[in-house]
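Chains as they are written, first to last, in this note's numbering: chain A, 1 to 251; chain B, 1 to 203.
Here is the structure we will look at, set down as structure tokens.
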């Protein structure tokens with residue numbers, strides 16, 4: 001097995017989950033209605049859980065323990081896509097990001113249930129139900145607000161237009177793409193993106209929202225190789241603030 | 001300290017301005033009743049309500065509002081207005097004794113789910129279903145079918161096809177729930193940790 005290739009795959013997935021989990025948790029206590037606040041917070045917690053599971057796999061492959069890996073690296077050492085680090089701003093953006101990212105995430109893990117790297121395939125199978133809920137939640141909100149009032153449609157459309165180039169950055173290819181595919185570890189970003197696009201179109205077709213032409217958009221890349229926006233480092237500083245007071249503390 | 005959340009920044013920066021405004025009418029979602037199946041084959045029990053714009057959204061929101069902690073195998077939701085209730089009784093008065101015999105109006109027959117409240121302050125629990133022509137007719141049939149003479153304080157009848165149940169493939173929504181111990185405060189063993197700390201710092 002090609003270990004650097006596998007590690008890179010695990011790192012980018014884990015970092016996505018950790019950073020988006022933290023971002024989404026910023027809505028805790030501020031959600032648009034109580035029920036939604038609870039649901040969005042729970043899903044944020046699920047994402048942190050997914051990152052822990054992936055960092056644990058990395059630890060088994062010889063990397064540092066999950067807390068060290070999660071809380072002590074700098075922005076340039078993170079492999080998450082830029083989409084997940086963007087500030088929340090208004091709820092329409094957070095919902096659109098939730099929809100675009102979680103759809104891709106569910107397709108990726110579904111594909112990984114067939115990975116030749118058995119621990120990853122087992123994890124993917126285990127969290128299938130959680131991801132089913134995340135996409136179910138995202139889809140119903142997009143369908144609801146994407147065809148509700150002129151204001152809700154307009155706001156979601158603007159967020160969609162803004163987020164889409166970043167969302168295309170989810171599928172930034174790795175230098176190890178071919179090795180991963182040849183070894184049966186991962187199907188590759190191209191195929192995941194293809195299925196993602198189909199699914200996104202299917203849901204948007206049930207709303208008044210329009211998908212911009214993705215073929216003429218420039219994907220925002222760089223996240224996978226540590227080139228991030230100015231928003232990531234402040235997020236990491238806040239996230240690790242308590243941990244860094246006493247890294248040896250047991251919680 | 002500058003907040004990382006732009007909404008907090010806006011609150012902090014906002015100039016206090018006040019112009020008297022007429023009271024805005026309430027614009028709230030309707031309510032939906034939430035039931036949980038605690039174990040495979042165990043009867044559904046009522047857990048509470050959620051606010052939502054429609055049945056499907058109620059289902060999605062109810063999932064985290066009521067089943068994020070304790071293990072369960074499925075969920076069902078119904079709009080509050082679709083729940084038909086018998087009179088609430090007290091002491092040793094059986095609610096079934098207050099339900100009149102409602103005639104079979106021999107219209108279209110439908111399936112209704114029947115729920116009992118057998119202890120005040122507890123939840124309504126599913127007891128079975130009846131085929132009836134109306135909610136009143138359903139309660140009256142339930143009286144002959146489920147009234148054992150034991151005191152029931154309240155009976156609910158809900159038309160079966162108004163209820164949104166979990167589908168077979170949605171049953172995997174809850175498979176990782178038993179592992180989410182971090183949602184249980186007792187799991188942190190705060191008391192033990194405090195005791196340990198106090199021992200350690202004792203002069």
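Beta carbons are placed, not taken as given, at the ideal position from N, Cα and C, and that holds for glycine.
Treat the numbers as computed from the prediction; the structure is a model and nothing was measured.
Identity of the residues DSSP links to residue i by a beta bridge
i	result
residue 69 (chain A)	For residue 69 (chain A), which the question treats as bridged, DSSP gives no partner whatsoever.
residue 75 (chain B)	B:36
residue 158 (chain B)	B:83 and B:113
residue 204 (chain B)	This structure gives no information on residue 204 (chain B), because the portion of chain B shown stretches from 1 to 203.
residue 31 (chain B)	B:51
For residue i, the nearest candidate out of the options (CA to CA)
i	options	result
residue 104 (chain A)	A:84, A:71 and A:119	A:84
residue 51 (chain A)	A:80, A:89 and A:32	A:80
residue 76 (chain B)	B:66, B:118 and B:84	B:66
residue 180 (chain B)	A:47, A:184 and A:191	A:47
residue 130 (chain B)	B:111, B:124, B:41 and B:117	B:111
residue 196 (chain B)	A:13, A:21 and A:250	A:250
residue 32 (chain B)	B:144, B:8, B:63 and B:138	B:63
residue 79 (chain B)	B:100, B:2 and B:46	B:46
residue 41 (chain B)	B:127, B:24 and B:11	B:127
residue 64 (chain A)	A:212, A:7, A:211 and A:124	A:7
residue 142 (chain A)	A:237, A:44 and A:159	A:159
residue 18 (chain A)	A:177, A:150, A:245 and A:235	A:235
residue 195 (chain A)	A:171, A:178, A:177 and A:114	A:171
residue 157 (chain A)	A:222, A:74, A:9 and A:212	A:212
residue 97 (chain A)	A:21, A:118 and A:189	A:21
residue 38 (chain B)	B:50, B:71 and B:182	B:71
residue 243 (chain A)	A:232, A:94, A:69 and A:165	A:69
residue 160 (chain B)	B:203, B:82 and B:149	B:82
residue 131 (chain A)	A:44, A:37, A:181 and A:229	A:44
residue 14 (chain A)	A:241, A:199, A:229 and A:49	A:49
residue 68 (chain B)	B:166, B:199, B:91 and B:184	B:184
residue 29 (chain B)	B:54, B:99, B:60 and B:164	B:54
residue 123 (chain B)	B:140, B:134 and B:153	B:153
residue 49 (chain B)	B:61, B:87, B:43 and B:34	B:34
residue 2 (chain A)	A:245, A:226 and A:176	A:176
residue 149 (chain B)	B:92, B:163, B:19 and B:12	B:92
residue 12 (chain B)	B:20, B:21 and B:2	B:2
Extent of the continuous alpha helix (DSSP H) run through residue i
i	result
residue 236 (chain A)	232-245
residue 96 (chain A)	91-112
residue 252 (chain A)	The requested residue 252 (chain A) is not part of the displayed model; chain A covers only 1 to 251.
residue 133 (chain A)	128-145
residue 18 (chain B)	First-last for residue 18 (chain B): undefined, no H or E at that position.
residue 196 (chain A)	189-204
residue 163 (chain A)	150-168
residue 7 (chain B)	6-13
residue 193 (chain B)	190-201
residue 143 (chain B)	135-146
residue 177 (chain A)	177-182
Whole-angstrom C-beta distance between residue j and residue i, which should lie under 8 Å
i	j	result
residue 153 (chain A)	residue 209 (chain A)	7 Å
residue 73 (chain B)	residue 171 (chain B)	6 Å
residue 142 (chain B)	residue 114 (chain B)	4 Å
residue 95 (chain B)	residue 36 (chain B)	Between residue 36 (chain B) and residue 95 (chain B) the Cβ distance is about 23 Å, and since that is not below 8 Å, they are no contact.
residue 140 (chain A)	residue 56 (chain B)	6 Å
residue 116 (chain A)	residue 9 (chain A)	Incorrect: roughly 12 Å between the Cβ atoms, too far for contact.
Segment limits, beta strand (DSSP E) that includes residue i
i	result
residue 110 (chain B)	110-117
residue 47 (chain B)	45-52
residue 45 (chain A)	Premise fails: residue 45 (chain A) lies in the alpha helix (DSSP H), 34-60, not in any beta strand (DSSP E).
residue 125 (chain B)	125-132
heavy atom of the ligand GTP below 7 Å from residue i C-beta
i	result
residue 44 (chain A)	Among the components of this structure there are no ligands whatsoever, and the ligand GTP is therefore not found.
Is the stretch 99-109 of chain B close to the stretch 165-182 of chain B, with three or more CB pairs under 8 Å? no
Segment contact flag, the stretch 197-209 of chain A with the stretch 97-115 of chain A, C-beta cutoff 8 Å, min 3 pairs: Short answer: they touch.
Are the stretch 26-36 of chain A and the stretch 104-121 of chain A in contact at 8 Å, needing three or more beta carbon pairs? no
Please determine if the stretch 55-62 of chain A and the stretch 189-202 of chain B are in contact, where contact requires at least 3 C-beta pairs separated by less than 8 Å. no
Mind listing which residues of the stretch 212-235 of chain A have their C-beta closer than 8 Å to chain D's C-betas, in chain order? The chain labelled as chain D is not found among the protein chains of the depicted structure, namely A and B.
How do the stretch 123-137 of chain A and the stretch 183-190 of chain A stand: do at least 3 beta-carbon pairs fall below 8 Å, yes or no? Touching, no, given that fewer than three Cβ pairs across the two stretches are closer than 8 Å.
Assess contact between the stretch 4-12 of chain B and the stretch 87-94 of chain A, defined as three or more Cβ pairs (one per stretch) separated by less than 8 Å. Is contact present? yes
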